[in-house]
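These notes are about the structure you will find just below.
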Amino acid sequence: MVSHIQLNNRQETILQIVKNEGPITGEHIAEKLSLTRATLRPDLAILTMAGYLDARPRVGYFYTGKTGSQLLTEKIRKIKVDDYKSIPVVVQENASVYDAICSMFLEDVGTLFVVNERAHLVGVLSRKDLLRAALGKQNLESIPVTIIMTRMPNITVCSKDDLLIEVANQLIEKQIDALPIVKEVEDGIEVIGRITKTNITRSLVDLAKDEII
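Numbers in my numbering are just positions in the sequence shown, counted from 1, shifted up by 554.
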């Protein structure tokens with residue numbers, strides 16, 4: 555999708571014409587620039603897709619009045635968790651701390667989600683939780699993850715339809731690396747994904763790529 559872009563000289567001129575004289579048809583814009591309608595069509599499409607212009611049948615093009623930063627902000631506020639979710643990494647509640655450390659290392663993640671025999675979310679393990687346990691002089695194979703995990707209902711969760719910007723704020727406020735994406739099921743909640751700081755960074759990179767298209 556095209557968002558805030560660097561406009562070329564002709565697109566800037568078109569934008570100014572529509573600002574001053576809109577609503578105005580594509581044919582009239584083409585006449586003012588001494589161009590054919592076909593030549594002008596790609597520029598009008600870009601300006602419309604980017605949100606600078608809008609068009610109405612039998613009326614013509616008109617300026618939306620929005621700046622590039624406003625258009626970018628609007629796009630950010632439309633991104634949902636489901637657009638950038640990743641696969642969750644889970645461990646069973648009867649797993650040992652040693653098992654959890656191995657899973658975190660092998661899967662290269664910073665957060666594990668603990669589930670019970672019905673695959674319902676019961677806890678969360680962070681890298682800090684496991685590091686704290688590992689620094690002790692206990693046998694990690696004998697310590698269940700339930701001893702050190704954060705339990706429900708003290709877990710912050712999100713749904714696939716939540717806005718990504720709101721989840722980003724939660725990660726910052728709570729100083730955590732990831733949230734489980736859940737859905738309600740009978741007698742509990744099921745983990746269907748995860749959203750991490752890396753996912754959010756990827757969304758920013760995609761927005762930046764869109765800007766230079």
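Note that CB positions come from ideal geometry on N, CA and C, so glycine has one too. Keep in mind the model is a prediction, meaning the values are calculated, not measured.
Are residue 627 and residue 731 closer than 8 angstroms when you measure CB to CB?
The residue labelled residue 627 in the question sits at position 73 within the sequence shown. The residue labelled residue 731 in the question sits at position 177 within the sequence shown. Contact flag unset, no.
Cβ contact (3+ pairs, closer than 8 angstroms) linking the stretch 631-647 and the stretch 749-756:
yes
Output the distance between the C-alpha atoms of residue 674 and residue 699, rounded to the nearest integer angstrom.
Numbered from its first residue, the sequence shown carries residue 674 at position 120. Numbered from its first residue, the sequence shown carries residue 699 at position 145. The straight-line gap from Cα to Cα measures roughly 15 angstroms.
Measuring only the C-alpha atoms, how far is residue 650 from residue 663?
Taking the sequence shown and counting its residues from 1, the one referred to as residue 650 is at position 96. Taking the sequence shown and counting its residues from 1, the one referred to as residue 663 is at position 109. So the alpha carbons of these two residues sit roughly 17 angstroms apart.
Got a sec? Which residues, its chain only, sit under 8 angstroms from residue 714 by beta carbon, not counting five neighbours each side?
Residue numbering aside, residue 714 sits at position 160 when the sequence shown is read from its first letter. For residue 714, where only same-chain residues beyond five positions count, the Cβ hits under 8 angstroms are 634, 635, 636, 639, 735, 737, 746 and 747.
How far does the alpha helix (DSSP H) with residue 680 in it reach, from first residue to last?
Walking along the sequence shown from the start, residue 680 turns up at place 126. From DSSP, residue 680 is part of no alpha helix (DSSP H) but of the beta strand (DSSP E) over 675-680.
Distance check for residue 694 and residue 677, CA to CA, integer angstroms please.
Position 123 of the sequence shown, counted from the start, is the residue given in the question as residue 677. Position 140 of the sequence shown, counted from the start, is the residue given in the question as residue 694. One C-alpha to the other measures close to 18 angstroms.
For residue 619, count neighbouring Cβ atoms within 10 angstroms of its own Cβ and tell me buried if that reaches 16, exposed if not.
Locating residue 619 in the sequence shown gives position 65, counting from the first residue. Residue 619 is exposed by the Cβ-count criterion.
Cβ pair residue 725, residue 718 closer than 8 angstroms:
The count along the sequence shown starts at 1 and reaches residue 725 at position 171. The count along the sequence shown starts at 1 and reaches residue 718 at position 164. In this structure, residue 718 does not lie closer than 8 angstroms to residue 725 by Cβ.
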